[in-house]
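Novice: Here's a structure for you.
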Amino acid sequence: MKDKKHLSVSAIENGTVIDHIPAKNLFKVISILGLDKIPNQITFGTNLESGKLGRKAIVKIADKYFERDEINRIAIVAPHAKLNIIKDYEVAEKMLVEVPDNITGIVKCVNPKCVTNVEKVTPKFKVIDKKNVSLKCYYCEKITDQEQMEYK
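Residue numbering for the sequence shown follows my numbering, beginning at 10 and increasing consecutively.
Given below as structure tokens:
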């Protein structure tokens, strides 16, 4: 009989597990990666206990592997996330996300008068703080921090 204190989420044969997502940012990660638009089996858990984060979330995506630019998107909302690449039910590779130096087309500028919000111009930012993820708009130079971020 199973230990009733531990619940398990079914393992995936092949795919990616994204771990150490801050619980409050789970749905932001799902949105940023477009996981709500793909047919793959996706399992997620939130408000799980974590020694590092207090509460964390985890996402398991069957038969999906991410490119580096997709992985870096995760870093915007979960800078300490870890990815486990699963092959034949085993962890084949572990990856850390890295906040990129520049971000294009993922986040909206907070300045309503910015050209990116007035015309069809793709938002571009320089990352000025990788630890707390703070962005400076390439066009209007307005600073956007994690609390203000809206995603495209």
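All C-beta atoms, glycine included, are put in the ideal place defined by N, C-alpha and C. For clarity, every value in this text was computed on a predicted model and none was experimentally measured.
Using a 10 Å radius around the Cβ and a threshold of 16 neighbouring Cβ atoms, would you call THR125 buried or exposed?
Specialist: Indexing the sequence shown from 1 puts residue 125 at position 116. The residue is buried, with at least 16 neighbouring Cβ atoms inside 10 Å.
Novice: Indicate whether PRO132 and VAL142 have their beta-carbon atoms separated by less than 8 Å.
Specialist: Your numbering for residue 132 matches position 123 in the sequence shown. Your numbering for residue 142 matches position 133 in the sequence shown. No, Cβ-Cβ distance for PRO132 and VAL142 is not below 8 Å.
Novice: Quick one: grab the DSSP three-state call for LYS65.
Specialist: Position 56 of the sequence shown holds residue 65. Looking at LYS65 - three-state DSSP - the assignment turns out to be strand.
Novice: In three-state terms, what does DSSP make of PHE53?
Specialist: On the sequence shown, position 44 is the one that residue 53 refers to. PHE53: strand per DSSP, three-state reduction.
Novice: What is the C-beta distance between GLU22 and ASP97, in whole angstroms, given that I count them as a contact (C-beta under 8 Å)?
Specialist: As a position in the sequence shown, residue 22 is number 13, starting the count at 1. As a position in the sequence shown, residue 97 is number 88, starting the count at 1. Sure, about 7 Å apart at Cβ, within 8 Å.
Novice: Determine the DSSP secondary structure at LYS140, reduced to helix, strand or coil.
Specialist: As a position in the sequence shown, residue 140 is number 131, starting the count at 1. Of the three classes helix, strand and coil, the one that applies to LYS140 here is coil, per DSSP.
Novice: For PRO121, count neighbouring Cβ atoms within 10 angstroms of its own Cβ and tell me buried if that reaches 16, exposed if not.
Specialist: Start at 1 with the first residue of the sequence shown, and residue 121 comes out as number 112. It is exposed - the Cβ of PRO121 has fewer than 16 other Cβ atoms within 10 Å.
Novice: According to DSSP, is VAL124 helix, strand or coil?
Specialist: In the sequence shown, residue 124 corresponds to position 115, counting from 1. It is helical.
Novice: Could you say which of ILE47, ILE94 and ARG64 lies nearest to ALA20 if we only look at CA atoms?
Specialist: The sequence position of residue 20 within the sequence shown is 11, counting from 1. Residue ILE94 is the option with its Cα nearest to ALA20.
Novice: Near ASN49, what residues of its chain come up, given a Cβ to Cβ distance below 8 Å and the 5 sequence neighbours on each side ignored?
Specialist: In the sequence shown, residue 49 corresponds to position 40, counting from 1. Answer for ASN49: GLY24, ILE70, ALA71, ASP72 and LYS73, listed in chain order.
Novice: On the three-state DSSP scale, how would you describe CYS146?
Specialist: For the purposes of this step, residue 146 is taken as residue 137 along the sequence shown, with counting starting at 1. Strand.
Novice: Could you name the residues that DSSP lists as bridge partners for ASP154?
Specialist: Here residue 154 corresponds to residue number 145 of the sequence shown, with the count starting at 1. ASP154 is bridged to SER143.
Novice: Measure the alpha-carbon distance for GLN157 versus LYS33 and round it to whole angstroms.
Specialist: As a first step, residue 157 must be located in the sequence shown, where it is residue number 148. As a first step, residue 33 must be located in the sequence shown, where it is residue number 24. Between GLN157 and LYS33, the C-alpha separation is close to 14 Å.
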